[in-house]
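First up is the structure itself, then whatever we jot down about it.
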Amino acid sequence: MPHKFLKLSIAALLFASPITAIAQSQKTDIRPNANRLLGEDLRLSFKGKIHSGAYNFTEKGEPTRFYEEAHNTDGRISYTENGRKDPGTWLILKDTMCYLYDAPDMPGGCFRVYRVENCYYFYSDQNIELKDELDRDYWTARSVIKGEQPKCEASIS
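Residue numbers (the working numbering): 1 to 157.
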């Protein structure tokens, strides 16, 4: 088991590379009324569920890269993006959602997860958690459970 945590730590460090900065160029689309998912709520939101998500939101809030991730009940995952499929492991560590992929070129990491309506926002734990975190533009990805339409679109002001 220590070997897995070592790989997870290395993967988390890799995820903090410039790839993360590119994925965080979207406009703020999460409001202060978001709920941070912790413990059992976090587990229930992912265990046995497939999440459809996106990265690299443009300045207008449009997603540019899409993925799908099946969170199996046994802790295994199946990640798909652009036809590439990568298996791995998901786990909850200190109230963060963590991903470790089997492929050495597939970075993983741990994330604080917030929910707005039926949307899940992922904030890398490589970024220090700030009091005004929900007002910042650095969330990494947004997902919904497969088949659901996002109810969290930015409101027009």
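In this text, a Cβ means the ideal position worked out from N, Cα and C, and glycines have one as well. Just so we're clear, the structure is a prediction, and the values are computed from it rather than from any experiment.
- If you draw a straight line from the Cα of aspartate 95 to the Cα of tyrosine 114, it comes to about 11 Å.
- Distance from valine 116 to serine 52 at the Cβ level is roughly 16 Å; contact not present, criterion being Cβ atoms closer than 8 Å.
- Looking at Tyr79, Gly83 and Asn118, the one whose alpha-carbon comes closest to that of tyrosine 99 is Tyr79.
- By the CB criterion at 8 Å, cysteine 119 and arginine 142 fall inside the cutoff.
- The beta carbon of methionine 106 sits closer than 6 Å to those of Asp86, all from its chain and outside the five residues before and after it, given in chain order.
- Comparing alpha carbon positions, the residue from Glu68, Lys151, Gly75 and Arg76 closest to asparagine 82 is Glu68.
- Excluding five sequence positions before and after phenylalanine 66, the CB atoms of its chain that fall closer than 6 Å to its own CB belong to Ala54, given in chain order.
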